[in-house]
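First residue of the sequence shown? That's 28 in our numbering, and the numbers climb one at a time after it.
Yeah, the Cβ is synthetic: ideal placement off N, Cα and C, and Gly gets one too.
Just so we're clear, the structure is a prediction, and the values are computed from it rather than from any experiment.
The structure appears right after this line, and notes come after that.
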Amino acid sequence: MSLMFPRLARNFVRNGYFPTDEVTLEHLLGALDPDDGNGPIRLLDPCAGEGVAVTEFACHLGERAQAYAVEFDAERAAHCATLVDVSLHADLMDTVISQQSFSLLFLNPPYGDQVKDDAPSEEKSGRQRLEKLFYQRTVDTLMYDGILILIVPFYTLDKAFCGWLANSFTDVQLFSAATEQFKQVVFMGRRVRRHQQKMAAVQSVFQTLFAVGKGDEKAVSLPECWSAPYRIPSVRQELKHFYRVTPDPVQLAEDIQQIQGLWPSFTTLLSIAPQVPRPPARRLSRWHLALALAAGAVSGVITSPSGRTLVVRGTTWKVKQRKTDFTEDDEGNITEVITMTDRFVPAISAWDMTPDAKTYGELLSIR
């Protein structure tokens, strides 16, 4: 499968897109074989571009392989969605992906320095590069015994980056990419737990990587034939999370247009159709009247059968009702008990709007 025309590839490079060249991709295919299990093999490309590379790997590994991809650019993400099994149009930093859920992590991240305001301190992690940021974000998605294929410029392999790789991977091999245009190296290794590593092996890998990163040594070219290819394991756990956190405005608008929410049944659900009020089952007591006044139910324009029209506003207030009781015991002692009881006093004010009435325009008090 041809990646793209060279002229088009150069245009993408100018926009910050560095796709894996076709020759490097073909040589990498020979380095991978599926294991002998029956479970699924899950592949992740978190910077998928048009999805060509991860699709090639999935086709090479057979029907058990499932290709997952994340791509930020809208145009490339739309093309990627037509090739891979599951794709996200999203910023990788705005996604949630289950840890240790992928058999193969193919990482060809963006190249360049991080923005200083967003970059952490350089004391422990060295120069802040996008390659290191994307590696730290995605390495935990790779299962133990899973295979990492990392393609970065050789000069990004500083002490911090080399230490991360040497401590977390075994069976490490480092090659030069087929094209020298971007000064890329291809790192390949199997992820292991750090306590399983031997210090001598870690130091040897670190020295090799760091020598290439400083430019003291040059990595060998990718072989066309592999005598001992990497075995891609079957995944051992379910992929529970693979989604974008912030909704895409375009996708959200399409979903809203399709689902339409509750608007088609607005009148049914919210009961805005006019309803005739029912009279109470019995005459209201003063307590019921006070509650109705306090709730604002007694208000508005009221027209009597005789034609009198009043603008009514009801209210209520609380007063203290005092009650004094005297009791005398057997010894002649008198005890005074004062009981203060809250009592709600309702009041209705009415503005007489009856035409030709003597009290037209006057404020009346109804008790």
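What distance in whole Å lies between the Cβ atoms of residue j and residue i, which are believed to be in contact at a cut-off of 8 Å?
i	j	result
Gln223	Asn194	With 8 Å as the limit, Gln223 and Asn194 do not qualify as a contact, their Cβ atoms being about 11 Å apart.
Leu59	Tyr257	6 Å
Val123	Val272	6 Å
Arg313	Pro373	7 Å
Met170	Ser128	7 Å
Go through its chain and collect everything with a Cβ distance to residue i's Cβ below 7 Å, but skip five positions before and after it.
i	result
Tyr21	What the structure shows of the chain is the stretch from 28 to 394, and residue 21 is not part of that stretch, so it cannot be assessed.
Lys385	none
Val232	Ala193, Val199
Val339	Val325, Ser326, Gly327, Ile329, Ile375, Ala377
Val212	Val179, Phe181, Leu201, Phe202, Ser203, Ala204, Val239, Ala246
Quick one: what's residue i bridged to in DSSP?
i	result
Glu373	Per the sequence shown, residue 373 should be read as Pro rather than Glu. Answer is Thr343.
Pro180	Gln211
Lys350	Thr366
His116	Glu98
Ser254	Looking at the DSSP assignment, Ser254 forms no beta bridge with any residue, so it has no partner.
Phe133	Ile176
Ser261	DSSP output for Ser261 lists no bridge partner at all.
Ser392	Ser376
Gln200	Met215
Asp140	Arg156
Ala246	Paired residues: none, contrary to the question.
Starting from the C-beta of residue i, find all residues in its chain whose C-beta is less than 6 Å away, skip the five residues before and the five after it, and write them out in chain order.
i	result
Ile176	Phe133, Met215
Gly57	Trp253
Pro260	Asp62, Ser130, Asp172
Asp118	Phe99
His106	Glu77
Gly64	Ser261
Ala108	Ser114
Glu355	Ile361
Met226	none
Just how far apart, CA to CA, sit residue i and residue j?
i	j	result
Ala280	His116	15 Å
Gln278	Val79	24 Å
Ala322	Ile329	17 Å
Thr235	Gly190	11 Å
Thr3	Thr206	A query on residue 3 cannot be resolved here, the shown segment of the chain reaching from 28 to 394 and no further.
Leu318	Arg370	12 Å
Lys186	Val229	13 Å
Pro250	Thr165	27 Å
Phe84	Ala238	30 Å
Glu363	Leu320	36 Å
Phe293	Glu102	38 Å
Ile286	Asp275	16 Å
Asp167	Lys245	29 Å
Val50	Asp72	18 Å
Ile283	Cys74	29 Å
Pro67	Cys86	13 Å
Arg221	Leu55	26 Å
Ile361	Leu316	40 Å
Leu390	Gly341	13 Å
Below 8 Å CB to CB, which residues in the same chain sit around residue i once its five sequence neighbours on both sides are set aside?
i	result
Lys345	Asp369, Arg370, Phe371, Val372
Met380	Val328, Thr336, Leu337, Val338, Tyr387, Gly388
Tyr270	Leu115, Thr122, Val123
Arg91	Pro61, Asn65, Gly66, Pro67, Ile68, Ser261
So, do the region 88–98 and the region 152–164 have three or more beta carbon pairs nearer to each other than 8 Å? By the C-beta criterion, the region 88–98 is judged not to be in contact with the region 152–164, since fewer than 3 inter-stretch pairs fall below 8 Å.
Sufficient close CB pairs (3 or more, under 8 Å) joining the region 305–313 to the region 345–361: A contact is defined here as three or more CB-CB pairs under 8 Å, and the region 305–313 fails this definition with respect to the region 345–361.
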